[in-house]
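Some notes on the structure that comes next.
Numbering (the UniProt record's numbering), first residue to last: 1 to 64.
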């Protein structure tokens, strides 16, 4: 007797592009969430370091 089953589950998107779309959406949501956390804890990282990565001048950040 085998513990493995030969039946397929019907959970998820059943197209060949389902997993790439899910990965792209998950990556975008994760990047937005991580960016929000960085912005909350250290806003100067977002306003200075990230534009510097792309060769742009950093924007000065002032506390209100």
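Every residue gets a Cβ at the ideal spot worked out from N, C-alpha and C, and that includes glycine.
Quick check: what's the CA-CA separation for residue i versus residue j?
i: residue 30; j: residue 23; result: 10 Å
i: residue 46; j: residue 54; result: 12 Å
i: residue 44; j: residue 28; result: 22 Å
i: residue 17; j: residue 39; result: 33 Å
Could you please give the first and the last residue of the uninterrupted alpha helix (DSSP H) stretch that includes residue i?
i: residue 32; result: 18-41
i: residue 52; result: 50-53
Indicate whether residue i and residue j have their beta-carbon atoms separated by less than 8 Å.
i: residue 57; j: residue 51; result: yes
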